[in-house]
Amino acid sequence: MAIISFRSDEIHCKIVYYGPGRGGKTTNLISIHKALGHQARGELLSIDTAGDRTLFFDFLPMDLGSIGKFKIKISLYTVPGQVRYNDTRKLVLKGVDGIVFVADSLEARRNNNIESLQNLNDNLTEQGKGLNSVPLVFQYNKRDLDGSKVAIMPIEEMERTLNTQGRHPSFPGSALKGDGVRETFKKICMMTVVDVSARLLKEKGISLTGK
Amino acid sequence: MGDLVLTKQALDRIDSVLANMLKRSGAHTVLLIDKAGQIISFEGSMDQEKVSSLAALTAANYGATTAIARLFGEEEFTLLFHKGKQENLHFSNVGEEYLMITVFNNNTHLGLVRLEVQKGLAEIETMFAQNLREWFNA
Ligand SMILES: Nc1nc2c(ncn2[C@@H]2O[C@H](COP(=O)(O)OP(=O)(O)OP(=O)(O)O)[C@@H](O)[C@H]2O)c(=O)[nH]1
Ligand SMILES: [Mg+2]
């Protein structure tokens, strides 16, 4: 959950990239780091990887500039997507303020997407949250493979199976090429900050923009 | 876990406890973080960039260690210590939701650090009376 400091006028939020194994979560962070490196507060930290599989998590701290007098600081994390690392996913998800669900557009990964989303819901429920209570953005990744030999699901179908009520913003993307990465990231940051501000106003009567 | 709103007074008080602890223990850096890996307060000479990583890693490490403890029917391991050739790390619980990390080198030793951390913790804990969060959010 967010930390708001009235001494340094900073808001710290935690955003987690979630999704099935090999879906492109780590690639998103690499791409963000490349494109927005000047806003990064440090190096991209990848803890424990085997080849391109995340075994623990990736971490990238970013500065987003200011809203009103508050400086917005974001910690980006990825979880390990492989099914057996659920304990680690729960750890990383602790205190999350916003989530990007990176879905894999490969036809062959249809069920992995669904299972991972279900798993996200279960893990959020354990924290007393749910898919509709935390800011959530979908990214349909690997669109660069559309038109290639591998079978890719149409966006509409992904919307139907994952974003079932169409409640959440979604973006097509190619983390590898950098397409849609920035849009996804911007959107989740905005939603997260708005959500934190609304909560602060409602629960503590603190307005970030006024007084 | 709810959002944590820190007033200037609250942070000043925490900082003064941490600064005192540093002085008395001979440690060079001390951090107070939440179990999600976010920094609440930090005093000392460690480089800011590394401090963010340390906080993220410690929270995850702590979580993993707690999961290990539960495999053995323990609620948690309350104290963790990592020893290196030059640098040593000491971790302890602060209430339910926070962690304190103390970094020290061979200019001081574990016994003293442990003692001063105990005192610092006691100070923070009495300061925060029954509930850290209530106090933070007051
Ligand atoms: N063609 C294509 N390949 C991609 C894209 N994004 C990621 N990949 C590739 O897919 C593989 C897995 O990507 P990662 O970013 O490591 O996946 P991850 O979601 O972090 O996987 P885990 O760490 O196991 O959970 C890598 O070989 C990437 O290069 C994309 O947009 N297009
Ligand atoms: Mg990964």
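Residue numbers (the numbering used here), protein chains in the order written: chain Y, 1 to 211; chain D, 1 to 138. Heads up, the beta-carbon is just placed ideally off N, CA and C, and yes, glycines get one too. Since this is a predicted model, take the numbers as computed values, not measurements.
*Quick one: is aspartate 3 of chain D buried, meaning 16 or more other Cβ sit within 10 Å of its Cβ, or exposed?*
Here residue 3 of chain D is taken as the residue at index 3 of the second sequence, counted from 1. Residue environment: aspartate 3 of chain D is assigned as buried (16 or more neighbouring CB atoms within 10 Å of its CB, all protein chains considered).
*Residue range of the alpha helix (DSSP H) that alanine 35 of chain Y falls in?*
As a position in the first sequence, residue 35 of chain Y is number 35, starting the count at 1. Unbroken alpha helix (DSSP H) run through alanine 35 of chain Y: 25-35.
*From what residue to what residue does the alpha helix (DSSP H) around serine 25 of chain D run?*
In the second sequence, residue 25 of chain D corresponds to position 25, counting from 1. In the DSSP assignment, serine 25 of chain D falls within the unbroken alpha helix (DSSP H) covering 8-25.
*Between methionine 191 of chain Y and chain D, is there a C-beta pair that is closer than 9 angstroms?*
Against the first sequence, residue 191 of chain Y aligns to sequence position 191. Methionine 191 of chain Y has a beta carbon lying at 9 angstroms or more from every beta carbon in chain D.
*Any chance you could list the residues with Cβ under 6 angstroms from a heavy atom of ligand 2, keeping chain order?*
Having a Cβ closer than 6 angstroms to some heavy atom of ligand 2 are Y:Lys25, Y:Thr26, Y:Thr54 and Y:Thr78.
*Cβ of asparagine 28 of chain Y within 8 angstroms of any heavy atom in ligand 1?*
Here residue 28 of chain Y refers to the residue found at position 28 when the first sequence is read from its first residue. A distance criterion of 8 angstroms places the beta-carbon of asparagine 28 of chain Y in contact range of ligand 1, judged by its closest non-hydrogen atom.
*asked:* Rounded to the nearest angstrom, what separates serine 207 of chain Y and threonine 26 of chain Y at their Cα positions?
replied: Within the first sequence, numbered from 1, the residue matching residue 207 of chain Y stands at position 207. Within the first sequence, numbered from 1, the residue matching residue 26 of chain Y stands at position 26. Going from the Cα of serine 207 of chain Y to the Cα of threonine 26 of chain Y covers about 35 angstroms.
*asked:* Spatial neighbours of glutamine 130 of chain D within its chain, please: C-beta separation below 6 angstroms, excluding the five flanking residues on both sides.
replied: The count along the second sequence starts at 1 and reaches residue 130 of chain D at position 130. Model confidence at glutamine 130 of chain D stands at a pLDDT of 47, short of 50, so the residue's coordinates are unreliable and nothing is read from them.
_Looking at alanine 64 of chain D: is its Cβ nearer than 9 angstroms to the Cβ of phenylalanine 59 of chain Y?_
Within the second sequence, residue 64 of chain D is the residue found at index 64, counting from 1. Within the first sequence, residue 59 of chain Y is the residue found at index 59, counting from 1. If you check the CB distance, alanine 64 of chain D and phenylalanine 59 of chain Y do not come in under 9 angstroms.
*asked:* List, in chain order, every chain C residue whose beta-carbon is nearer than 8 angstroms to that of phenylalanine 101 of chain Y.
replied: This model lacks chain C altogether, as its protein chains are Y and D.
_Cβ pair serine 116 of chain Y, arginine 143 of chain Y closer than 9 angstroms_ = Start at 1 with the first residue of the first sequence, and residue 116 of chain Y comes out as number 116. Start at 1 with the first residue of the first sequence, and residue 143 of chain Y comes out as number 143. Their beta carbons are not under 9 angstroms apart, which means serine 116 of chain Y does not touch arginine 143 of chain Y by this criterion.
*Give the residues from the region 1-21 of chain D that approach chain Y closer than 8 angstroms (Cβ to any Cβ), ordered along the chain.*
Taking a C-beta cut-off of 8 angstroms against chain Y, the contacting residues of the region 1-21 of chain D are Met1, Gly2, Asp3, Leu4, Val5, Leu6, Thr7, Lys8, Leu11 and Asp12, listed in chain order.
_Collapsed DSSP secondary structure at arginine 53 of chain Y in the structure displayed_ = Residue numbering aside, residue 53 of chain Y sits at position 53 when the first sequence is read from its first letter. Here arginine 53 of chain Y carries a strand assignment [DSSP, helix/strand/coil].
*Are any of the Cβ atoms in chain Y nearer than 9 angstroms to that of glutamate 123 of chain D?*
In the second sequence, counting from the first residue as 1, residue 123 of chain D sits at position 123. Any Cβ of chain Y closer than 9 angstroms to the Cβ of glutamate 123 of chain D would place that residue at the interface, and such an atom is absent.
*Are the C-beta of aspartate 40 of chain D and some C-beta of chain Y separated by less than 9 angstroms?*
As a first step, residue 40 of chain D must be located in the second sequence, where it is residue number 40. Reading the sequence as shown, one finds isoleucine at residue 40 of chain D and not aspartate. Taking a beta-carbon distance threshold of 9 angstroms, isoleucine 40 of chain D counts as an interface residue toward chain Y.
*asked:* Does any residue of chain Y have a CB that is nearer than 9 angstroms to the CB of glycine 63 of chain D?
replied: On the second sequence, residue 63 of chain D is found 63 positions in, with the first residue counted as 1. With respect to chain Y, the C-beta atom of glycine 63 of chain D has a partner C-beta closer than 9 angstroms.
*Using a beta-carbon distance below 9 angstroms, is glycine 44 of chain D in contact with chain Y?*
Along the second sequence, one-based indexing puts residue 44 of chain D at 44. Residue-level contact check: glycine 44 of chain D does not touch chain Y, since none of the beta carbons of chain Y fall below 9 angstroms from its beta carbon.
*Which full runs of the alpha helix (DSSP H) of 4+ residues lie inside the region 53-98 of chain Y, going along the chain?*
Those alpha helix (DSSP H) runs which fall completely within the region 53-98 of chain Y and span 4+ residues are 86-93.
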